[in-house]
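**Student:** Residue numbers (the numbering used here), protein chains in the order written: chain V, 35 to 219; chain A, 35 to 219. So that we are looking at the same thing, I have put the structure below in structure tokens.
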DNA sequence: CAGAAACCTGGCCGATCGGTCAGTACGGTG
DNA sequence: CACCGTACTGACCGATCGGCCAGGTTTCTG
């Protein structure tokens with residue numbers, strides 16, 4: 035792994051655990067065994083470092099949204115499955131966006147995250163459904179994302195195999211979303 | 035409303051929206067139309083200000099847990115109803131704890147929040163249930179809490195009457211938790 | 001009225017933040 | 001050899017942070 039990637043991995047772990055604002059470049063440098071100036075040599079700014087960490091996950095989310103738009107309609111289970119896989123793939127980035135997206139919305143890359151999440155909600159026409167439907171989707175996707183984010187903090191899983199988590203999440207989402215918008219069959 | 039309470043309300047709104055670390059005492063002072071030194075006259079420190087904001091909600095949560103412990107067992111719907119009411123009552127505090135609890139766990143009042151959340155999860159024996167059960171509870175409670183926290187940010191509700199939100203959340207939680215631990219009937 | 005108590009302020013402190021810059025070490029490459 | 005791009009560093013910068021303090025003002029109270 036290149037020094038560049040190593041720094042990114044260290045920063046991701048720290049950002050996810052302690053938060054972006056609370057993680058100083060000095061701390062990242064210490065963990066990597068180099069000087070703060072060296073970190074800023076690899077990444078021109080702290081925001082840029084955050085962007086390089088978060089953007090790959092957002093790119094995948096963007097692709098998922100685009101593919102749904104192009105299809106016009108999508109089978110419900112297909113979307114749920116792909117969404118869960120996306121969350122699991124970018125497991126470490128999820129807490130970052132979930133827990134600190136609101137706080138860091140003035141940072142471009144986090145604003146992008148907010149916009150993408152809004153598009154996800156619009157995709158399901160949350161704005162036009164009944165209150166019950168809106169909240170059903172909110173609880174479902176928010177709950178899955180937040181559970182992944184808070185998992186190790188509350189000791190909810192940790193040692194559970196990914197496959198098991200995946201199938202359980204799929205079942206839960208299926209239960210929650212079955213009586214949903216019929217446009218997405 | 036006393037000047038003291040006014041400051042608390044201003045700080046709560048800012049902490050919830052922008053985050054604790056990102057909200058400076060200077061900004062709170064500006065919004066209240068006074069000097070930073072005056073804010074520190076009313077609250078001896080920034081952490082103390084946070085504690086006075088969060089503790090009332092944690093006190094209520096503590097009381098809920100104690101009453102369940104004393105009862106030995108609790109009807110499922112009773113707990114769910116009381117929990118939802120608690121979240122709705124302290125609606126503004128929820129995003130603070132949810133989004134920034136992990137980041138600020140070294141702050142005593144936030145650590146208290148973490149411990150209480152852990153006790154909630156233990157109450158439902160999340161550690162001994164199946165993976166599916168664990169995640170079901172995680173998604174349910176995390177989802178409800180997070181949905182309230184993210185509500186206005188993503189424009190999911192905002193103008194929906196509280197009563198409607200309340201009944202919808204109760205229905206969703208009921209659906210999710212019905213096939214749950216039989217010890218809490 | 002006098003004095004205590006509550007309230008508020010500007011100025012200052014040390015610490016830390018993200019970021020800049022000149023300069024050093026070094027492995028290729030002609 | 002000279003030259004160059006990459007990697008890295010210590011010293012420094014301005015800004016901002018939470019917090020402290022001496023002292024001024026306002027308000028309550030005997």
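Ideal Cβ placement from N, Cα and C applies to all residues, glycine included.
Which of the three DSSP states, helix, strand or coil, is assigned to residue 195/V?
**Tutor:** Stepping through the first chain from its first residue, residue 195/V is reached at position 161. In the structure shown, residue 195/V sits in coil (DSSP, three-state: anything other than H, G, I, E or B).
**Student:** For residue 54/A, which three-state DSSP category applies?
**Tutor:** Along the second chain, read from residue 1 onward, the residue named residue 54/A stands at position 20. Three-state DSSP puts residue 54/A in coil, outside helix and strand.
**Student:** On the premise that residue 56/V lies in contact with residue 137/A, defined as a C-beta separation below 8 Å, what is that separation, rounded to the nearest angstrom?
**Tutor:** Here residue 137/A refers to the residue found at position 103 of the second chain. Here residue 56/V refers to the residue found at position 22 of the first chain. Sure, about 6 Å apart at Cβ, within 8 Å.
**Student:** Taking the C-alpha atoms as reference points, what is the distance between residue 39/A and residue 184/A?
**Tutor:** Taking the second chain and counting its residues from 1, the one referred to as residue 39/A is at position 5. Taking the second chain and counting its residues from 1, the one referred to as residue 184/A is at position 150. Cα-Cα distance, rounded: 25 Å.
**Student:** What's the C-alpha gap between residue 180/V and residue 129/V?
**Tutor:** Numbered from 1 along the first chain, position 146 holds the residue referred to as residue 180/V. Numbered from 1 along the first chain, position 95 holds the residue referred to as residue 129/V. Rounded to whole angstroms, residue 180/V to residue 129/V spans 7 Å at the Cα level.
**Student:** Below 8 Å on the Cβ atoms is my contact criterion, and I expect residue 61/A with residue 78/A to pass it. Report the Cβ-Cβ distance as a whole number of Å.
**Tutor:** If you number the second chain from 1, residue 61/A lands on position 27. If you number the second chain from 1, residue 78/A lands on position 44. About 19 Å separates the two Cβ atoms, so there is no contact after all.
**Student:** For residue 163/V, return the contacting residues in chain A, with the cut-off set at a CB-CB distance below 9 Å.
**Tutor:** Walking along the first chain from the start, residue 163/V turns up at place 129. Neighbours of residue 163/V on chain A: none; closest Cβ ~10 Å, over 9 Å.
**Student:** Could you check whether the Cβ of residue 76/A sits closer than 7 Å to any heavy atom belonging to the ligand NAD?
**Tutor:** You won't find the ligand NAD in this model; it holds no ligand whatsoever.
**Student:** In terms of residues, what are the limits of the alpha helix (DSSP H) holding residue 157/A?
**Tutor:** Taking the first residue of the second chain as position 1, residue 157/A is located at position 123. Unbroken alpha helix (DSSP H) run through residue 157/A: 142-157.
**Student:** Nearest chain A C-beta to residue 204/V closer than 8 Å, yes or no?
**Tutor:** Along the first chain, read from residue 1 onward, the residue named residue 204/V stands at position 170. Residue 204/V does not count as touching chain A.
**Student:** Within the same chain, show all residues whose beta-carbon is closer than 7 Å to that of residue 72/A, passing over the 5 residues directly before and after it, in chain order.
**Tutor:** As a first step, residue 72/A must be located in the second chain, where it is residue number 38. So the list reads 63, once near-sequence residues are dropped.
**Student:** Do residue 120/A and residue 95/A come within 8 Å of each other at the CB atom, strictly closer than that value?
**Tutor:** Along the second chain, one-based indexing puts residue 95/A at 61. Along the second chain, one-based indexing puts residue 120/A at 86. For residue 95/A and residue 120/A, yes; Cβs fall inside 8 Å.
**Student:** For chain V, is any of its Cβ atoms less than 8 Å away from the one on residue 199/A?
**Tutor:** Within the second chain, residue 199/A is the residue found at index 165, counting from 1. Yes - at least one Cβ of chain V is within 8 Å of the one on residue 199/A.
**Student:** For residue 82/V, count neighbouring C-beta atoms within 10 Å of its own C-beta (all shown protein chains included) and say buried if the count is 16 or more, exposed if not.
**Tutor:** Here residue 82/V refers to the residue found at position 48 when the first chain is read from its first residue. Result: exposed.
**Student:** Could you check whether residue 150/V and residue 99/V sit closer than 8 Å to each other, using their CB atoms as the reference points?
**Tutor:** Sequence index remark: in the first chain, residue 99/V carries index 65 (1-based). Sequence index remark: in the first chain, residue 150/V carries index 116 (1-based). Yes, Cβ-Cβ distance for residue 99/V and residue 150/V is below 8 Å.
**Student:** For residue 124/A, does the three-state DSSP call read helix, strand or coil?
**Tutor:** Against the second chain, residue 124/A aligns to sequence position 90. Three-state result, residue 124/A: coil.
**Student:** Residue 115/A to residue 182/A, Cα distance in whole Å?
**Tutor:** To locate residue 115/A, count along the second chain from 1; it is residue 81. To locate residue 182/A, count along the second chain from 1; it is residue 148. Whole-angstrom Cα-Cα distance: 15 Å.
**Student:** Could you work out which residues of chain V lie near residue 146/A, taking near to mean beta carbons separated by less than 8 Å?
**Tutor:** By one-based count along the second chain, residue 146/A stands at place 112. Correct list: empty, because the minimum Cβ distance to chain V is about 14 Å.
**Student:** In chain V, what lies closer than 8 Å to residue 125/A by C-beta?
**Tutor:** As a first step, residue 125/A is located in the second chain; it is residue number 91 there, counting from the start. Result: empty, since nearest Cβ-Cβ is about 14 Å, beyond 8 Å.
**Student:** Tell me, to the nearest whole angstrom, how far the beta carbon of residue 143/V is from that of residue 88/V; I am working on the premise that it is less than 8 Å.
**Tutor:** Counted from its first residue, the first chain places residue 143/V at position 109. Counted from its first residue, the first chain places residue 88/V at position 54. About 5 Å separates the two Cβ atoms, so the contact holds.
**Student:** Would you say residue 178/A lies against chain V (beta-carbon separation less than 8 Å)?
**Tutor:** Along the second chain, one-based indexing puts residue 178/A at 144. Taking Cβ atoms only, chain V reaches closer than 8 Å to residue 178/A, which makes this a yes.
**Student:** Please compile the residues from chain V whose C-beta is within a distance smaller than 7 Å of the C-beta of residue 45/A.
**Tutor:** Here the question's residue 45/A lines up with position 11 in the second chain. Chain V residues near residue 45/A: none, gap ~15 Å exceeds 7 Å.
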